[in-house]
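Numbering (my numbering), first residue to last: 148 to 367.
This report refers to the structure that appears directly beneath it.
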Ligand SMILES: Nc1ncnc2c1ncn2[C@@H]1O[C@H](COP(=O)(O)OP(=O)(O)OP(=O)(O)O)[C@@H](O)[C@H]1O
Ligand SMILES: [Mg+2]
C-alpha cells in the first residue's frame, strides 16, 4: 500500500477573473522506503503538488489518499490532525526557531500534544544525524548543513510515514548537500519513510529512486 496516492488531481486558482490550472490531472503514488524527486520548470506546479501531498492545500478535482484513507474531503481540522500524525516537512531555509536549542527545535512538531514528551527521541535523532555533541546549540551556533540536519531530525520526530522536502539542498554547497542526502537516504531506510523532494539539484535526482517531471501542470 502506498503512503500517499493522488488520483487525477486538478488544482485551479482563481485570480479575480483569471483562472490558472496549476495541476491538470496528476496521478502519483509514493511507497514507504522510496525517495521521489519532483522536477520541472518554474511555474510547472511542483510546489502546488507538494502542498497537495502535504495536505496543506486541497485539490479542485481528484482524490488524495493517505495510508489507504481518502482524505480529500476531511476539512481543515481533520487534515491538520492527519498531517501531524503522518507527515514531516523539510524546507530549503530550515525554519529553525532562533531562541530554541537543537533539541527544542526538534521537539517543536510534537508540542501540540502535551501528553507526549519526545525529548528523548529528539536527542536520539540528533545523535543519529551526527549532532550528538550539539544538542544545546542554538541555530546561529550551527553551520548551514548542521541546521539542515536538525531540520531532518525535526521532520522525523513524530515518526511520520512520509517526508516532504522543498529544495532541501538548495542553500548548501555541493559537498554539504551530499552529506545531507546521505543522511536523508539513511534515515529513509532506517525509519522506512517515503520521501518526496522538489528539486533543481541534479545531485538529488541521483539519490532518488525515481524522478517525476512536471511540465505545465501535467506529468511528462
Ligand atoms: N496561491 C496561488 N494563487 C494563484 N496562482 C497560483 C498560486 N500558487 C501557484 N499559482 C500558480 O500556479 C502555477 C504553478 O505554481 P507553482 O508554485 O506550483 O510552480 P513551481 O513549479 O513550484 O515553480 P517554481 O520552480 O518557480 O517554484 C503558476 O502559474 C503559479 O503562478
Ligand atoms: Mg515552487
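Virtual Cβ for every residue (Gly too), placed ideally from N, Cα, C.
Task: residue 293 to residue 278 span [Cα, whole Å] - done: Looking up residue 293 in the chain shown gives position 146. Looking up residue 278 in the chain shown gives position 131. The alpha-carbon atoms of residue 293 and residue 278 are separated by roughly 7 angstroms.
Task: residue 304 and residue 286 closer than 9 angstroms at C-beta - done: In the chain shown, residue 304 corresponds to position 157, counting from 1. In the chain shown, residue 286 corresponds to position 139, counting from 1. No, the Cβ-Cβ distance between residue 304 and residue 286 is not below 9 angstroms.
Task: For residue 192 and residue 165, the rounded distance between their alpha carbons - done: Here residue 165 is taken as the residue at index 18 of the chain shown, counted from 1. Here residue 192 is taken as the residue at index 45 of the chain shown, counted from 1. Straight-line Cα distance between these residues: approximately 17 angstroms.
Task: Distance between residue 175 and residue 330 (C-alpha atoms, nearest Å) - done: Position 183 of the chain shown, counting from 1, holds the residue named residue 330. Position 28 of the chain shown, counting from 1, holds the residue named residue 175. The alpha-carbon atoms of residue 330 and residue 175 are separated by roughly 25 angstroms.
Open item on the list: Assuming the contact rule is C-beta atoms closer than 8 angstroms, residue 340 and residue 179 should be a hit. Round their C-beta distance to whole Å, please.
Closed with: As a position in the chain shown, residue 340 is number 193, starting the count at 1. As a position in the chain shown, residue 179 is number 32, starting the count at 1. Yes, residue 340 and residue 179 are in contact; Cβ-Cβ is about 6 angstroms, under 8 angstroms.
- [ ] Give every residue of the same chain whose Cβ lies closer than 7 angstroms to the Cβ of residue 308, excluding the five residues on either side of it in the sequence, and list them in chain order.
- [x] Within the chain shown, the letter at position 161 stands for residue 308. 150, 179, 214, 233, 340, 341, listed in sequence order.
- [ ] Taking residue 200 as the reference, give the member of 189, 185, 190 with the closest Cα.
- [x] Within the chain shown, residue 200 is the residue found at index 53, counting from 1. Of the listed residues, the one whose Cα sits closest to residue 200 is 185.
Open item on the list: I'd like to check one pair, residue 197 with residue 311: are the Cβ atoms closer than 9 angstroms?
Closed with: Translated into the one-based positions of the chain shown, residue 311 becomes position 164. Translated into the one-based positions of the chain shown, residue 197 becomes position 50. Yes, the Cβ-Cβ distance between residue 311 and residue 197 is below 9 angstroms.
Task: Neighbourhood of residue 238 by C-beta, 6 angstroms cutoff - its chain only, sequence neighbours within 5 removed - done: By 1-based counting over the chain shown, the position of residue 238 is 91. Contacts found: 313.
Open item on the list: Once the 5 residues before and after residue 218 are set aside, which same chain residues still bring their CB inside 8 angstroms of it?
Closed with: In the chain shown, residue 218 corresponds to position 71, counting from 1. The residues are 202, 211, 212, 225, 226, 229.
Task: Identity of the residue in 361, 183, 247, 268 nearest residue 289 by Cα - done: Translated into the one-based positions of the chain shown, residue 289 becomes position 142. The residue with the shortest Cα to Cα distance from residue 289 is 247.
TODO: Answer yes or no: the CB of residue 345 versus the heavy atoms of ligand 1, is any distance below 8 angstroms?
DONE: In the chain shown, the residue the question calls residue 345 occupies position 198. At least one heavy atom of ligand 1 is nearer than 8 angstroms to the Cβ of residue 345, so yes.
Open item on the list: Using a Cβ-Cβ cutoff of less than 8 angstroms, which residues in the same chain neighbour residue 155 once the five nearest sequence positions on both sides are dropped?
Closed with: One-based indexing of the chain shown puts residue 155 at position 8. Excluding sequence neighbours, residue 155 sits near 172, 173, 174, 208, 209, 210.
Open item on the list: Using C-beta distances below 6 angstroms, list every residue in its chain close to residue 181, excluding the 5 sequence neighbours before and after it, in chain order.
Closed with: Here residue 181 is taken as the residue at index 34 of the chain shown, counted from 1. Closer than 6 angstroms at the Cβ level, and outside the excluded window around residue 181, lie 341, 356.
TODO: Considering only heavy atoms of ligand 1, list every residue whose Cβ is less than 6 angstroms from one of them, following chain order.
DONE: 160, 162, 167, 169, 187, 189, 190, 191, 192, 193, 194, 195
TODO: Have a look at residue 261 and residue 253 and give me their C-alpha separation to the nearest angstrom.
DONE: The residue given as residue 261 occupies position 114 in the chain shown. The residue given as residue 253 occupies position 106 in the chain shown. Residue 261 and residue 253: Cα-Cα distance of roughly 15 angstroms.
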